[in-house]
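J.: Numbering (our numbering), first residue to last: 1 to 206. Handing you a structure now.
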Amino acid sequence: MASKSSLVKRVWIRCKISDRMAVKLRLLRAAIYGVLMHLPCVESELKEPKPPASVLERMRAWCGMRDRSEREAEEKLRGLLAKMEPLPPAPLRAQWVCDWMDVLVEEGSLDDARCADSYVRVHLEHKSWGPLKIKAGLSARGVARVHIDRALAQFDEARWQREADALAARRADELATRRPRVVRWLLGRGFPQRMVLHALDRAGQG
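Given below as structure tokens:
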């Protein structure tokens, strides 16, 4: 028969073993919990969307159709990214826009000075717009005033006056009865009042 002291010793050893097992179990559970809590972070990093190269290629093609301003391109980029599924987080989209804008400017796909030159030439020669309307159009596209003024200055006042004269001549037969209407029309085309009045005088003499 086991002595009382040996029995107590065995019980004490069992308690120590059970305590050690309990501690190990708690550590194991904590480790498992930590891994499980970390998994979503790892998964989100793995699933973080990458900037689609197709968007940048579309932008290059879009800019190649005609000269665009930087503001136009930025708005276009934001619109394209807003249509992505699943929708990337807003900070990520903003970063992509900044990165792509830098690329487009550095490679020459975007140039506000060139955009101003092209806009002035096309709207004067093909749409017969005056300098005021052209200036407003470029301002609405976010082009800096320095680029606008320089682009407009490439055509002297005589060139703008010839365009106003040609428009007034097209409606010379209306001057006798609808002169105010013709004046409003020419002003709406973006010509200064002095050019409009000069053009009407010439049309009336013709």
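Built from N, CA and C at the ideal position, the CB exists for glycine as well. These numbers were taken from a predicted model, which means no experiment stands behind them.
(1) Counting pairs of beta carbons, one from the segment 134–144 and one from the segment 160–173, are three or more of them closer than 8 Å?
(2) Drop a sphere of 10 angstroms on the beta-carbon of His126, count the other beta-carbons inside from all chains shown, and report buried for 16 or more, exposed for fewer.
(3) Might you give, ordered along the chain, the residues of its own chain that have their beta carbon closer than 8 Å to the beta carbon of Arg78, omitting 5 neighbours on each side?
(4) Helix, strand or coil: which one does DSSP assign to Pro131?
(5) Measuring alpha carbon to alpha carbon, tell me which of Ala116, Pro51, Pro89, Ala151 ends up nearest Glu70.
(6) What residues in its chain sit with their C-beta under 8 Å from that of Cys63, if we drop five residues either side in the sequence?
(7) Check Gly108 in the structure and name its three-state DSSP category.
(8) Excluding sequence positions up to five away, which residues of its chain have a Cβ less than 6 Å from the Cβ of Gly130?
(9) Quick check: His123 and Gly137, are their CB atoms within less than 9 Å of each other?
(10) Quick check: what's the CA-CA separation for Arg66 versus Ala113?
T.: Inspection of the coordinates gives the following:
(1) no
(2) Residue environment for His126: exposed (fewer than 16 other C-beta atoms within 10 angstroms of its C-beta).
(3) Arg93, Val97
(4) helix
(5) Ala116
(6) Ala73, Leu104, Ser109, Leu110
(7) Assignment of Gly108 by DSSP, reduced to helix, strand and coil, places it in the coil class.
(8) Arg189, Gly190, Phe191
(9) yes
(10) Linking Arg66 to Ala113 through their CA atoms gives a straight-line distance of about 13 Å.
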